[in-house]
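J.: For the sequence shown, full-length UniProt numbering begins at 1 and goes up steadily by one. A virtual CB, placed ideally from N, CA and C, is assigned to each residue, including glycine. Computed from a predicted model, the values in this text were never measured in an experiment. Before I ask anything, here is the structure I am working with.
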Amino acid sequence: MSDPTAQREVGTPRVKRGMAQMLKGGVIMDVVTPDQAKIAEDAGA
Numbered sequence: 001m002s003d004p005t006a007q008r009e010v011g012t013p014r015v016k017r018g019m020a021q022m023l024k025g026g027v028i029m030d031v032v033t034p035d036q037a038k039i040a041e042d043a044g045a
């Protein structure tokens, strides 16, 4: 089991840089409604 007293690193600069690197090529999202489709088209999808 993990140690409940251990400090977690959440939102650290390293995590943020990693997330930015992963999203650099774009993001895949599910479009469900016509409103969402319009927003996606307006954003360049």
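Compare the beta carbon distance of Val31 and Ala40 with 7 Å and say whether it is the shorter of the two.
T.: Yes. Within cutoff.
J.: Asp35 to Met29, Cα distance in whole Å?
T.: C-alpha separation (whole angstroms): 14 Å.
J.: Which first and last residues belong to the alpha helix (DSSP H) in which Lys16 is found?
T.: Unbroken alpha helix (DSSP H) run through Lys16: Pro13 to Met22.
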